[in-house]
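Engineer:
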Amino acid sequence: MMKKVTPLWFQKLFDRLAKEHIDQSGAAGTIQEVDFIRRLFNLCNSEHILDVGCGTGRHCVELAKRGYCVTGLDYSRQMINSARRYARQQNVSVRFVHQDARRMSFDREFDGAISICEGAFGLMINDEDNILILKQIFKALKPNGKLLLNVLHAAFAFRHPEQDVYFDPATCYGYWTEELTTKTGRLKKIYCCNRYYTFPEIKKILEEIGFIVLRGYGCLAGQFRRKKIELDDFEILVYAVKPS
Ligand SMILES: C[S@@+](CC[C@H](N)C(=O)[O-])C[C@H]1O[C@@H](n2cnc3c(N)ncnc32)[C@H](O)[C@@H]1O
890 MMKKVTPLWF QKLFDRLAKE HIDQSGAAGT IQEVDFIRRL FNLCNSEHIL DVGCGTGRHC
950 VELAKRGYCV TGLDYSRQMI NSARRYARQQ NVSVRFVHQD ARRMSFDREF DGAISICEGA
1010 FGLMINDEDN ILILKQIFKA LKPNGKLLLN VLHAAFAFRH PEQDVYFDPA TCYGYWTEEL
1070 TTKTGRLKKI YCCNRYYTFP EIKKILEEIG FIVLRGYGCL AGQFRRKKIE LDDFEILVYA
1130 VKPS
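Following the numbering used here, the numbering of the sequence shown begins with 890 at its first residue and continues without gaps.
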C-alpha cells in the first residue's frame, strides 16, 4: 500500500471533497475550536493569523468575523475556491493562498499559526516533508508568534491498530484508500497516508526547529480543551511558541 501513495495524493482527494466539506463548514465544532484558539493564544483583536491547510476556510472565516487579519493557505485549488466563496457569503475578508505548505514564502509575518483538524501537517508521504512544513511555519511566525498544531496520536494507533486499514508501527504511518467517482462515472481509488506521533516525538521535532513547546492536550474535534493527554486520545493538540 505504501508504494502506491503518490506525493500529491491529498490534492486529488481534497479537490474532490471540497463540495462535501463546504456543506459542513458551519459544523458545530468550528466556533468552539476558534473560541479555544482565541483564549489559548490570548489574542486581542488585530493579530494576523495563518491557517495552514485551511480547507474550505471554516476557521479562517470564524477568525475574520472576530476581527483578525487572516491568511488561509491550501494546495487544493477546489478547497481554495470553496473557501473564497464561503468568505464572500459570510461577508468577511480573508486572504486565501493556493500554495504547497512546503513552499510557503512568508517571513516573520504572523502572530499566530494553526494547522488543525488534519491540516497540511502529517499528510506528506515522508518525515522530511512533514517537518519541512513545520520549518516553514516557524519562518512565517514573528518572534513570540504562537502555533497550535493538531496531530494524530501514535499511542491510539498502537492500542487500536484495527482502526487504520494498514498501520505500520515501524514508521508510524497509517495507510488507507478512498474511492471516488470520476466525472465520467468511473470508480477511482486514491491511496492515502497519515503520520501518527507521540507527544514526546513531536515535541522534540518542534524544539529542534526552534520552537518552545508549551503544552500538549488530548483532543476531540469540536471539543478542544486543556485536557491531559491519555492513551485513548485519537488526536493531540500541541501548543508552541517561537522565542522572542
Ligand atoms: C482534512 S482537511 C482540513 C481542513 C481544515 N483545516 C478544516 O479543519 O476544515 C486538510 C487540508 O489540508 C490541505 N493540504 C494537505 N497538504 C497540504 C500541503 N502540503 N500544502 C497545503 N495544503 C495542504 C488539503 O488540501 C486539505 O484541504
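Idealized CB from N, CA, C, for every residue including glycine.
1) List, from N- to C-terminal side, the beta strand (DSSP E) runs of 3 residues or more that fit wholly inside the segment 987-1072.
2) Of all the alpha helix (DSSP H) runs that stay within the bounds of the segment 909-992, which reach a length of 4 or more residues?
3) Taking only heavy atoms of ligand 1 into account, decide whether any of them is closer than 7 Å to the Cβ of Ile1005.
4) 8 Å is my cut-off, CB to CB: does Val983 come that close to chain D?
5) Could you please give me the residues that DSSP links to Gly1107 through a beta bridge?
6) How would you call Asp963, buried or exposed, if buried means at least 16 neighbouring beta carbons within 10 angstroms?
7) On the DSSP bridge list, what partners appear for Val1102?
8) What residue range is occupied by the uninterrupted beta strand (DSSP E) comprising Ile1079?
9) Among the candidates Arg927, Lys908, Glu1119 and Arg905, whose CA atom is the shortest distance from the CA of Ala1002?
10) With DSSP collapsed to three states, give me the class of Arg1115.
11) Assuming Phe1113 contacts Phe925 (C-beta within less than 8 Å), just tell me the rounded distance between them.
12) Assuming Arg966 and His987 are in contact, meaning their beta carbons sit under 8 Å apart, how far apart are those beta carbons, in whole angstroms?
13) Using a threshold of 8 Å, state whether the C-beta atoms of Ile1022 and Ala990 are closer than that.
14) Look at the alpha carbon of Asn1039 and the alpha carbon of Ile920, and state the distance between them as a whole number of angstroms.
15) Per DSSP, what kind of secondary structure is Pro896 in: helix, strand or coil?
16) Using the Cα positions of Ser1133 and Ala1029, report the straight-line distance between them to the nearest angstrom.
Structural biologist: By the coordinates alone:
1) Segments of the beta strand (DSSP E) lying fully in the segment 987-1072: 999-1004, 1030-1042, 1055-1057 and 1062-1070.
2) The qualifying runs are 918-930, 947-954 and 966-978.
3) Checking the Cβ of Ile1005 against ligand 1 gives yes.
4) Although the question refers to chain D, the structure presented lacks it and comprises just one protein chain.
5) Answer is Ile1125, bridged to Gly1107.
6) Answer is buried; the Cβ neighbour count reaches 16.
7) For Val1102, DSSP records a beta bridge to Ala1129.
8) First-last of the beta strand (DSSP E) with Ile1079: Leu1076 to Tyr1086.
9) Nearest option by C-alpha distance: Arg927.
10) If DSSP states are grouped into helix, strand and coil, Arg1115 belongs with coil.
11) Right, their Cβ atoms sit about 4 Å apart.
12) Indeed, because the Cβ distance is near 6 Å, the residues count as touching under 8 Å.
13) The beta carbons of Ile1022 and Ala990 sit closer together than 8 Å.
14) Spanning the two alpha carbons is a distance of roughly 17 Å.
15) If DSSP states are grouped into helix, strand and coil, Pro896 belongs with coil.
16) Taking the straight line joining both Cα atoms gives about 14 Å.
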